[in-house]
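Report on the structure given below.
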Amino acid sequence: MKIQEIHIYGFGQLTNTVIKDLSDFHVFYGENEAGKSTIMAFIHGILFGFPTKQSSEHRYVPKNGSNYGGKLRILFDEFGVATIERIRGKASGDVTVTLEDGTQGEEELLKQLLGNIDKGLFQAIFSFNLHGLQNIHQMKGEELGKFLFSTGTLGTERLAKTEAELQKELEARFKPSGKKPLINEKLKALHELSGELKKAAAKNLEYEVIVSDKEKITKEMEEVSQALKNVKSEVERLSEWQRIHSLVKEERWINTEIKLLGEDPFPARGIERIEKLNQLIYPYNAQISSLLERITQIKSEVSSKQPNKQMLADESQLLGALDQIPIYEQLVLEKQQCELKLVDLEDKIIIINEKLHLPLREEDVHTINTNIYMKNQVEQAARKKQKLLEVKQELEEKFREEKNSLEELEKKVSFAETQMIPADDRSRLEKLVNDESEKRKVEYELKAVQDKIEYYQHTQEQDKKTFAAIKKQKQIQFLTIGVLLLVLSLYGLYSKQWILVVMGVLGTLLIVFFLGNNNSRKNDAKINVALSRLLDDEKRCIQILERYKNSNIPALQEKLKQDNYWKEQQQLYKIKLEQQQTQYEKVIMKFEEWEIEAAENREMLLKLSSELHIPEYIADAFFLEAFELIEQYKLISREKKNLHARLKQIHLAQTDISERLFSYAKQYLADLGSDLSKMGYLLRTKLKEEHGKLIKVQEKQEKLDDLEADLHQMKQEQAHLISEKKKLLEEANVEEEGAFYELGKKFETKLKLIERLEDISKQVQYSFLKADDIERFLQIHNVEEQLISYHDEIERLSSRLMELQEKQAAVNYQIQILEEGGSYSELLHHYKQQKFEFEEAAKEWSVFCLAQNILTQTVEKYKNVHLPRILEKAEEYLYFLTEKQYQRIHLQQSGTGFLIERSDYTLFEANELSQATTEQVYVSIRLALAATLYEKYRFPIIIDDSFVNFDANRTKKVMELLTNLKYNQILFFTCHTHLLQYFHPENVYYLHKGNVEVIS
C-alpha cells in the first residue's frame, strides 16, 4: 500500500491543498503549527473516519467555512489504484471509495481494502511519535521491561497498562486474607445476617399457618372466577342467537326455494338485450333507402363538369416558361449594367497608360509574363535591395565597436603581466608553504591520538567497575550453590548414598574453578597494549611539531594568492583577446559577403526589367510599382473581354424565353398580344380556372365514395344485429320470442332470491357464533328459560366470590399485623438484598479474573509462537543501529520483560541501559513488529519527530535503517533542519504557515 496523492478540501488550517508524487520515503518539514500533525490526523481521518463530537480527539474542523474533508489516492497491491474520499456527513463522515475499474463503495469496501484494521491498531503498529519515547524516560525498574514487552506485542504500552489495571481491580474487590475489599466486607455481613434470620424464624410458626390459609383462599377464588367467566360467555352466545335465529331460518328456506326453481339456462339480462336489439334493427331500412337516392344525384353532377386535361398535362412545362419572365426582365437590366461597365474600363486603361508611359498596345500587354513565380522574383529582388542597404549601415557600426574592444584588451594583458611574480621566486615561496600543511596534518593526528587515549582510559575504568559488580554477584550465587552442595554431600554420607556425595564434591570443584577464572585480565592486557602504542604516537607527534615553530606562513600565502589572481587574470584576458580578434575578422568577412550579394541583386534587377519591358531608370527606383501597374492592365483587359462575351449570352437567352411563351399563348389563348408580361398573366389565369374545375370534380368523387362506404357499413350492421337476436334465442333453447319472455320472468325470480340470500349472509357473517354453536342452539326450543337459569347461576357465583374476597382481606390484615409486629420480614429482606449485592460483586470479580486469565494465556501463546520471529528481526535492527555493540534480545523466563545482550555477552535489563540505547531498542521492536507479525499489511509507516534525542551518529544509523525498509512507504514529519541532510531534495516537502503552500 502506497499513498500517491493527498488532496485536502478543508482540514484544520489546511484548505485546498494538493500533495502529489509521494515517494517510498518522503519527508514533510515545517516549523511548529505549520500543519504536520494536521496532515497526520487527515490521513487517519480519511482511512478510519473523523473523530466524533463526543471524542476527546481534536476534530480539525475548518474555521473559514470551507468543505470539511478531502481524499487520498492510494496504490494497493491487490486492487490497484483507489481513490478514498471522505467529507462531512454522519458521525465519522461520508466516505466514497472508487477503484480504477470503476467499482464504487462505502465503508464496507474501505474495510476490505484495509484488511479490517481499525484506527487504534494502525496507530499502535504503523504510526508513532515522540510521546512513545517520552514514556520510556518516565519509567523505572521493572516497568520499563514490561513496556518494551507490551510494545513488541501490540506496538504500544497498552498491554502493560491493561495487566496492571486488571490486577488493581481484582485486589480492590477481593483478597483471601483482606478485610477492606468489597467482597470481603459483604461476605462478613452476610454471615452475621444469616445467624439473626435463623433466630427470628423460630418465633414465626403462626405466620406460616396463616400464609397457608391465604393460598387456599386464593386458589378457590381463581376457580370461582373461571366458572363465572364461563357462564357469562354462554349468556353472551345465547343473546347473540336470539338476535340472528330468524335470519338463519330464512336463509335455509331460500336455499330450498332456489333448488326447486332448477338450473334452466338463460342469457344474462336476456329480456333487456332482446328489446334493445329490436329497437336498433327497425331504423336501418329508412337510412339505406336515403343513401341510394343521394348516390344517384352526385354521379349526374360529376359527369357535367370536366377540365382541359391537355393543359393540365402540360402544367409543369408551362409553369417553367412563365417562371422565365422575371429572368427576362433581369437580363434586360444586366445588359444595361454591362454596357456602362465597359465605358468605365476604357477610362482605367487610359489612366494606366499615362502612368507607365510605355509604347505598349493592349495585345502586347497580354504577352508579358506576370505569373506567381515572376511576381515572387520581383518582390524578392526589391526586398533584397532594401535589406542590403540596412545591413551595410549595421556592419559599419559593428566594425567600429569591435576595433575599440580589441585595443582595450591588449592594454589589459600587458598590465597583468607586469603584476605577476617571476617563476624562480614563486617556486621558493611554494616550498615554504607546503611545510605548513605537513604541520597541520601532524596536529590533526595528535588530537586523534589524545582522544583515543582518553577513550581507552575511560573504558578501562568502566570495565573494572562492571567486573567488580558481576564478580560480587557471582560469588553470592556460587556460595549459595556451594552451601546446598555441601548439605547434599553431608546428607549422602549420613544416608550412605555415595552418588550424592560424588555430585556434591564435583559441584564444589566446579564452583572453585569458576571463581578462580578471571576473564577481565585478558581485556586489561589488550587495553594496556593499545594505550602504550598510543602514548608512543603522542610523543612522536609532539616532537615533529617542535620543528615547525617560528615561520611567517600567512604573509607568504597571501603573496602567492595575489600572484595566482594576476596569473588567472592574464590567462582570462588572453582568451578574451583571442575571441575579440575572431569577432573582428568575422566583421571584415561579412563586408566582403555584402559586396557579393549587392552585385548579384543588381544583376537580377536588370534581367527582370528586360523580361517585363521596363526601362532601367524605372527599375532602379519604382520596379515593384511598375510591375503592379502591368498586372492591373492585364486584369482590366481580361475583364473587358469577359463583358463582351456576357452581352452575347444575354441576347441568346432573351430570344429563347420569348419564343417559348408565344408558342403556349398561340395554343391556349384567343388573344395573343405583344407584351410578354400580359401574356404570362393570361396563361396563369387560364391554368388556375382549369385547376378549380379539377378540384370540384375530385371533391364530388370523394363524397360519392364516402356515401357508398356508409351504405355498405349499414347493411353489415343490420345483418349483425339480426344475427345477435338469433343467438339470444338459441342460448335460451327457444324458437319464438314469447317463450323467451316467459323463461326470463322465471329467471328474474331466482335472481331476487339469490340477492336476498347474499344480504342475509352478510348480516350473519358478522356474528361471533360458530357453526357448531348454531347447530346446538337450533335444538333449543325455549331460549328465554335457558337465559333465566344462567342468570341465577351468575348471581350465586358472584355471591360466593364476594365471600372469598372478604376472607382474603381478613387474612391479609392478620399477616400485616404479624409482619409489622416482628423483625423477621425486615431481616429476610435485608438478607436477600445483601445476598444479591454479594452475588453481583462476585460476578464483577469473576469477570476481571477471567479477563486476567485470558490475557495471561494470550501473552504466553504470543511469547511461544510469534515473539521469537519478532525478536529475531528486532535483534537484526538493534545490531545495525548500535553498530554491533548490542547483538541479542532475550525474553525473561518469568514475567514480561527483556534482557539485552551486549557484544561481550553481558546481559542488561531494560532499566540498566542508557536512555538513547533504550530508545534504539524501542525503535527496533516497533519496526520489527510491522515487518514480521503484520507483514501482510503493507501500510505506510508514519513517524513524527521520534529521533530528536539521538546524537548525529545514531540519527544517521536510524535513517539508513528506515531507507532500507523495502515493503513499507515511510512518511517522516519533522521540524528540525539538521535531519534534512539525510534525504534527497526531491523527497522533501516544505510546509509554511498561513496558506500552507507546499513547495517541492
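Note that this note's numbering has the sequence shown beginning at 22, numbered continuously upward. By construction, the Cβ of each residue, glycine as well, lies at the ideal position given by its N, Cα and C atoms.
Item	Value
Endpoints, the beta strand (DSSP E) within which residue 115 is located	115-120
Nearest candidate by alpha-carbon position, reference residue 403, set 243, 644, 496	644
Touch test, the segment 301-321 against the segment 717-736, Cβ-Cβ under 8 Å, three pairs minimum	yes
With 16 other Cβ atoms within 10 Å as the buried cut-off, status of residue 819	exposed
Rounded Cβ spacing between residue 389 and residue 634 (contact assumed at less than 8 Å)	6 Å
Unbroken alpha helix (DSSP H) run spanning residue 785, endpoints	758-786
Between the CA atoms of residue 936 and residue 32 - distance to the nearest angstrom	37 Å
Pairwise C-alpha distance: residue 110 and residue 137	22 Å
Residue 864 versus 203, 26, 104, 281, residue with shortest Cα-Cα distance	203
Cβ contact check for the segment 775-789 and the segment 347-355: 3 or more pairs under 8 Å	no
First through last residue of the beta strand (DSSP E) which encompasses residue 37	35-40
Which of helix, strand or coil DSSP assigns to residue 103	strand
Supposed close pair residue 618, residue 409 - CB separation, criterion 8 Å	6 Å
Spatial neighbours of residue 269 in its chain, beta-carbon cut-off 7 Å, leaving aside the 5 residues before and after	785, 795
Residue 149 vs residue 68 beta-carbon contact at 9 Å	no
Beta-carbon spacing of residue 91, residue 27 below 9 Å	yes
Residue nearest to residue 332 in terms of C-alpha spacing, selected from 427, 711, 25	711
Extent of the continuous alpha helix (DSSP H) to which residue 1005 belongs	Neither: residue 1005 is in no alpha helix (DSSP H) and is coded neither H nor E.
The beta strand (DSSP E) enclosing residue 965, as first and last residue numbers	962-965
Nearest neighbour of residue 654, chosen from 372, 946, 335 [CA to CA]	372
At least 3 beta-carbon pairs within less than 8 Å: the segment 327-343 vs the segment 694-708	yes
Among 813, 623, 933, the one whose alpha carbon lies nearest that of residue 638	623
Reference residue 300, options 291, 742, 186, 588, closest by Cα	742
Best match in 112, 878, 103 for proximity to residue 118 [C-alpha to C-alpha]	103
Distance between residue 662 and residue 703 (C-alpha atoms, nearest Å)	41 Å
9 Å Cβ cutoff met for residue 356 and residue 668	yes
As assigned by DSSP and simplified to three states, the class of residue 741	helix
C-beta atoms of residue 245 and residue 822 nearer than 9 Å	yes
Bridge partner(s) assigned by DSSP for residue 92	28, 106
Per-residue DSSP class, three states only, for residue 196	coil
Residue of 140, 114, 100, 113 minimising C-alpha distance to residue 123	100
Cβ pair residue 249, residue 807 closer than 9 Å	no
Cβ contact check for the segment 64-78 and the segment 41-56: 3 or more pairs under 8 Å	no
Neighbourhood of residue 360 by C-beta, 8 Å cutoff - its chain only, sequence neighbours within 5 removed	668
Host alpha helix (DSSP H) of residue 944 (start-end)	936-952
Own chain residues within Cβ distance below 7 Å of residue 94, not counting five before or after	25, 26, 102, 104
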